[in-house]
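Written below as structure tokens is the structure these notes are about.
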Amino acid sequence: MTSAYPSVFTLPRVPLPSDGVYTDTLLEQRDTEDRLGDVLADTAPALVPREPATAGGTTVLRKAEHGIFLHSTFYRLPSPYVALDASRPWLMYWTVHSLDLLGIGLDPGTTERAVQTLLKFESPTGGFGGGPGNTHLAHLLPNYAAVCSLAIVGSERSGWPQLVRARQGIYDFFMRMKRPDGGFHVCDGGEIDVRGTYCLLVVATLLDLLTPELLLGVDRALASCQTYEGGFAASAFAFGLDTADADAPRAALAEAHGGYTSCALNSHFLLSSITPPNSPLSSLPSDYPRPIDAESALRWSVMMQGEAGEVGGFRGRTNKLVDGCYGWWVGGGVPVVEELARRQRDKHEPESRIAVLDDDGDGEWTDEPGMQALFNRVALQEYVLLAAQREAGPEPAGGLRDKPGKRPDLYHTCNNLSGLSVAQHQMRHDAAAVQAARDAFDTTAGLPPVKPTTAEGGWSSEEERQRVRREVYANVLGWVEDKSNELVVGGQESRVGVTTPVFNVSQGRLRPFIKYFYGQK
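Under UniProt numbering, the first residue of the sequence shown carries the number 1, and numbering increases by one thereafter.
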């Protein structure tokens, strides 16, 4: 297994090539490489299965210390967090999702308090804001954080029924944010970028809010953000007199970025999971969604993983520094873009097979099925355990960080753990699981449809709406773990839970949540 994913302790550590011109960027790169080199020299390796170079490795994920760090944030935060006062749903999400991945539960009183806190963020004009609804504007990004947090800490008894009553208000807020070109403002008068599109589509998918008027043009706006590198920029610029025209030529704004690429790829996955196979929808264009270059996006994604001298972490942009959060934003997007590329390729293409050296000491080559992941799963785990985790000492040192020299915080703790989960657990979108969910879907069950803003904004018929609901529901449940390919660095003590690609919510939370909102047993 691990022969396909070598440890950074077995790979040559070569400095990132330069043109000899010393810029701030190059100096920061050299400083980062030096710091990471010190980590590899001074820290015991984490045990990698069947890897002699890490034999006797003692570094593990110190779950108890991270749990202490996370629990300390529930009722009181350090003063610098005042800058995130408008991101309170995110603080909740980063905390409860991290605890979920660590397998640390909350007592009933704390769970209910979390639910009631989240519900206070609902805006009287619809949707959720970054803080109490009477003082904060509704914003697309906190909608994702609030809804996903309620999927984790809520239940059929508390939190979820209130979301049912909020559905129409959330939908109306989404439609107010929509632009004629298919993009979305993140709030009234706010910026337009693919983060908002992603957060909106996740919420609309999970709460059963999808309509043609919400979806039309979104695919074109997303596709226009892809850059020549293959990744995606935040937004796109339209040329011409009418910049709101969806058909106007558009160019991506700025360079490809890991966070925006993740949001764009996940959004495209959700859009491409709406139309049933060989069954076009009369309410959407026949070519919906407009295709992206999935192969180029896949190439860009895997090229963002750092070398051994960078301990195998991911960077968010070309020639930038590695950062632990991109283990999720880029590494977590690899199974998604692999699925998108598969959908675009000939479905009858024969299964890939490659020759892999089975490092069992006999020096023979064996023919094995093609590599199950296109990034180095071992190296990413080593980055989290060795570089993102602070050095062990007599005092608790919980929380995960960007890189050595940085302080741990909730954001990096959550995204490092999510990236660690993706590296440990081989997730794939399984056609058999999708079909099983389709077959079991009860079209007579579910919540009432939301009311479109115009008479023409809904599905052409109830039969079409039910076909969409069934397809969307089945594709959400299509993500399965290949347990035979589980690969944990640092021993079982370092194992974290399984997070679901696209949504970044554990499967044990996602399944009952979507079943509740789609009325399925």
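Even for Gly, the Cβ is constructed at its ideal location relative to N, Cα and C.
Predicted model, so just to flag it, every value in this text is computed and none were measured.
In the three-state reduction of the DSSP assignment, L374 falls in the coil class. Comparing C-alpha distances from E395 to each of L40, E65, L11, Y22 shows the shortest one belongs to E65. At a Cβ-Cβ threshold of 8 Å, Q344 and F441 do not count as neighbours. Taking a contact as a CB-CB distance under 8 Å, the pair S98 and L118 does not count as one, their CB atoms being some 16 Å apart.
Counting the other CB atoms within 10 Å of its CB gives A221 a total of 16 or more, which places it among the buried residues. By the C-beta density criterion, Q426 is buried, having at least 16 other C-beta atoms within 10 angstroms.
Within the same chain, L206, V505, R509, L510, F513 come within 8 Å of A151 by CB-CB distance, once the 5 residues on both sides are set aside.
Assigned with DSSP and collapsed to three states, F74 falls in coil, not helix or strand.
DSSP places K178 within a strand segment (E or B) once states are collapsed to three. Put simply, the backbone Cα of D188 is about 31 Å away from that of T500. Here Q168 has V450 as same chain residues with Cβ atoms under 6 Å from its own Cβ, once five neighbours each way along the sequence are excluded. Annotation for G312: V8, Q305, G306, N376, A379, L380, E382, Y383 place their beta carbon closer than 7 Å to its own, counting only its chain and skipping 5 residues before and after.
Contact annotation, L420 with G497: C-beta distance approximately 10 Å; criterion of less than 8 Å not satisfied.
In the structure shown, L400 falls within a strand segment according to DSSP collapsed to helix, strand and coil. Three or more Cβ pairs drawn from the segment 450 to 464 and the segment 269 to 289 lie within less than 8 Å of each other, which places the two stretches in contact.
For I192, the secondary structure class from DSSP, reduced to helix, strand or coil, is strand.
Counting every other CB atom within 10 Å of its CB across the protein chains shown gives K120 a total below 16, marking it as exposed. The UniProt region "Disordered" (443 to 463) contains no complete beta strand (DSSP E) run of 3 or more residues.
In this chain, the alpha helix (DSSP H) harbouring H412 covers 410 to 424.
With the rule of 3 Cβ pairs closer than 8 Å, the segment 179 to 196 counts as touching the segment 213 to 228.
In this structure the segment 46 to 60 does not touch the segment 471 to 486; the number of beta carbon pairs closer than 8 Å is below three.
Boundaries of the alpha helix (DSSP H) harbouring A264: 258 to 271, taken from the DSSP string. In the displayed model, H429 falls within a strand according to three-state DSSP. Of the other Cβ atoms in all chains shown, 16 or more fall within 10 Å of the Cβ of R315; this residue is therefore buried. Taking C-beta separations shorter than 6 Å and ignoring five residues to either side along the sequence, the partners of T227 in its chain run A233, A252, A256, following chain order. Shown here, T95 sits in a helix according to DSSP, grouped into three states. Counting only residues of its own chain and dropping the five nearest sequence neighbours on each side, R35 has a CB closer than 8 Å to the CB of K403, P404, G405. In the assembly as shown, T261 is a buried residue. Its beta-carbon has 16 or more other beta-carbons within 10 Å.
By the Cβ test, the segment 90 to 109 is not in contact with the segment 484 to 494, since fewer than three Cβ pairs between them sit closer than 8 Å. A distance below 8 Å separates the beta carbons of G324 and A388. The DSSP-derived three-state label of V468 is helix. In this structure, DSSP gives G67 a helical state, which the three-state scheme calls helix. W479 is bridged by DSSP to H429. Just so you know, the alpha carbons of A254 and R317 end up roughly 11 Å apart. L400 sits away from T59, with the two beta carbons spaced by 8 Å or more. Counting the other Cβ atoms within 10 Å of the Cβ of E28 gives fewer than 16, which makes it exposed.
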